[in-house]
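Under my numbering, think of the first position of the sequence shown as -16, with each following residue one higher. The beta carbon of each residue, even a glycine, is placed where N, CA and C say it ideally should be.
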Amino acid sequence: MADYFEVHDDRFHDCLLGNAWVETLFTGSLWAEGPVWFADGEYLVWSDIPNNRMLCWKEGLGTAIFRSPSNYTNGNTRDRQGRLVSCEHGARRVTRTEPDGSITVLADRFEGKRLNSPNDVVVKSDGTVWFTDPPYGILSDYEGYKADSEIGANHVYRLDPESGALSIASDDFDKPNGLAFSPDESILYIADTGASHDPNGPHHIRAFSVGADGRLSGGDVFAEISPGLADGFRLDTEGNVWTSAGDGVHCYTPDGTLLGKILIPEKVSNCTFGGPRRNRLFITATTSLYAVYVNARGVQTP
Ligand code: MG
């Protein structure tokens, strides 16, 4: 079997397991995205955006429909109470699924105007909800419903779910996309995938310092992703960034050094750590869900 990985820095060997390989857990999506691990139930939920559904995979049981229709849900995460938080392209909103299954709308407008199509979301330990709002879900009738942007710009937002206050966290992105905090939450990494519709557009991840008041500063480019885009990514406990790219998952150190790649035969959209020890990397890639055990652990969330 050919190597499933590509080493760019010898330290990447420490992140891998000698006998591991990439498993294909499911094939049959149109565009798989938004993986989120439910540690309490030991299952993975992810989005199949154009098919307007969410799927669920559990070891030994396989794949089932989790939610259909899903309002063309894209990115998913869980808050500190373990509740599912989702970005719905179709309804142009961020929602929370309560333990009884009911849906609470967290955000659908900014200053009276509809959001574009929330793409990816992360919840900080203080409960604030951070999400990106590029126009991918309103550009066509494929991943949502074609419509004009009411806001006319693509921002990153911060929501205080207690007060309901929604504020702009950053307003200088072309198309903000994946986002994740460093393990100590002092850094917020945010991808810009403007190159999806402009060959000269950005295809990088930026790193922002997170102030005690929740304000972002800095925002220098952390890594240029090539080939492909940083649609989504997660961090391990050492602060390494495991990001989607056109040829697989790329792993970067906190100083932005590319350690290596896990090669995947389809374009990768996102990934997340799961399994009982959070050392199994689940990878959503175009039509499929893949998984590989690695010698790294994802940052602990519910
Ligand atoms: Mg995305």
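Legend entry - Coil, strand or helix - Y119 by DSSP: When DSSP states are grouped into helix, strand and coil, Y119 belongs to the helix group.
Inset, instruction - Out of V5, L0, N59, point me to the one whose CA is closest to N253's CA. - result: The candidate whose alpha carbon is nearest that of N253 is N59.
Legend entry - Beta-carbon proximity check, W4 vs P18, cutoff 8 Å: Contact annotation: W4 and P18 have beta-carbon atoms that are not nearer than 8 Å.
Legend entry - Integer Cβ distance of F164 from V232, believed to fall under 8 Å: No, F164 and V232 are not in contact; Cβ-Cβ is about 19 Å, not under 8 Å.
Legend entry - For G32, the first and last residue of its enclosing beta strand (DSSP E): The identity of residue 32 in the sequence shown is Ile, whereas the question assumes Gly. It is not in any beta strand (DSSP E) - I32 carries neither H nor E in the DSSP assignment.
Legend entry - DSSP-derived helix/strand/coil call for A3: Three-state result, A3: coil.
Legend entry - Separation of D116 from R263, as counted between CA atoms: Distance between the alpha carbons of R263 and D116: 29 Å.
Inset, instruction - Can you give me the start and stop residues for the beta strand (DSSP E) that W225 sits inside? - result: Residue range 224 to 228 is occupied by the beta strand (DSSP E) that includes W225.
Inset, instruction - Check whether the Cβ of E16 lies closer than 7 Å to any heavy atom of the ligand MG, and answer yes or no. - result: At least one heavy atom of the ligand MG is nearer than 7 Å to the Cβ of E16, so yes.
Inset, instruction - Quick one: residues in its chain with C-beta nearer than 7 Å to the C-beta of A152, no 5 flanking neighbours on either side, listed in chain order? - result: Here the set comprises W113, V139, Y140, R141, L199.
Legend entry - Three-state secondary structure assigned by DSSP to F156: In this structure, DSSP gives F156 a state outside helix and strand, which the three-state scheme calls coil.
Legend entry - Range covered by the beta strand (DSSP E) that runs through E207: Residue range 199 to 207 is occupied by the beta strand (DSSP E) that includes E207.
Legend entry - Bridge-paired residues (DSSP) for G135: Bridge partners of G135 according to DSSP: none are assigned.
Inset, instruction - Could you check the C-alpha separation between S132 and G1 for me, to the nearest Å? - result: In this structure, the straight-line span from the alpha carbon of S132 to that of G1 is close to 48 Å.
Inset, instruction - For E249, count neighbouring C-beta atoms within 10 Å of its own C-beta (all shown protein chains included) and say buried if the count is 16 or more, exposed if not. - result: Buried, by the Cβ-count rule.
Inset, instruction - Pull up the DSSP beta-bridge partners for D219, would you. - result: Answer by DSSP bridge pairing, in chain order: G281.
Inset, instruction - State buried or exposed for G47, treating a residue as buried only when at least 16 other CB atoms are found within 10 Å of its CB. - result: The displayed chain sequence assigns Ala, not Gly, to residue 47. With fewer than 16 Cβ atoms within 10 Å of its Cβ, A47 is classed as exposed.
Inset, instruction - Look at the Cβ atom of L98, then the Cβ atom of N278, and state whether they are nearer than 8 Å. - result: Judged by beta-carbon spacing, N278 lies beyond the 8 Å limit of L98, meaning their Cβ atoms are not closer than that value.
Inset, instruction - Classify G177 as helix, strand or coil using the three-state DSSP reduction. - result: Residue state, collapsed to three classes: helix.
Inset, instruction - Would you check whether the ligand MG has a heavy atom nearer than 7 Å to the C-beta of N57? - result: The answer is yes for N57.
Inset, instruction - Give me the Cα-Cα distance between H186 and A178, rounded to the nearest whole angstrom. - result: Straight-line measurement puts the Cα of A178 at about 6 Å from the Cα of H186.
Legend entry - DSSP three-state assignment for R(-6), whether helix, strand or coil: DSSP places R(-6) in helix when its eight states are reduced to three.
Inset, instruction - Please report how far the alpha carbon of L8 lies from the alpha carbon of D91, in whole angstroms. - result: The straight-line gap from Cα to Cα measures roughly 34 Å.
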